[in-house]
């Protein structure tokens, strides 16, 4: 919850400033996008896992497969995000595409920094400490 709360606060403030839309509009958009991401994650991985078992059985999943998996997930999320942005903020396709790419870039950097900070605050215990 901390991850999402901090992210939503940052996205709402800077998104409002960049787009000129109200803090409330961008905040609600952030919630909408979070719900889309959670729903898409569930559906996409359920479909992927069922497809994989039906076609590959119990074979180990390769790095190449995981790269394709990640790219297709992000492409689907981008598609849903563009539609949500166009609808909620009444933007055209290019504006929504650019905003959604901006969100994706923000979350890439934000997740890295957040998880790095988490590792610094809560390091993996050494054998002496355990």
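Numbering (the working numbering), first residue to last: 8 to 137. We treat Cβ as the ideally placed atom computed from N, Cα and C, and that holds for glycine. Predicted, not measured: the structure shown is a model, and the values here were computed from it.
- Residue 88 and residue 124 have their alpha carbons spaced roughly 28 Å apart.
- By the C-beta density criterion, residue 49 is exposed, having fewer than 16 other C-beta atoms within 10 angstroms.
- By the beta-carbon neighbour count (other beta carbons within 10 angstroms, threshold 16), residue 33 is buried.
- For the set 121, 79, 110, the Cα lying nearest the Cα of residue 19 is the one of 110.
- Taking 8 Å as the cut-off, the beta carbon of residue 103 is found no closer than this to the beta carbon of residue 120.
- The DSSP-derived three-state label of residue 29 is coil.
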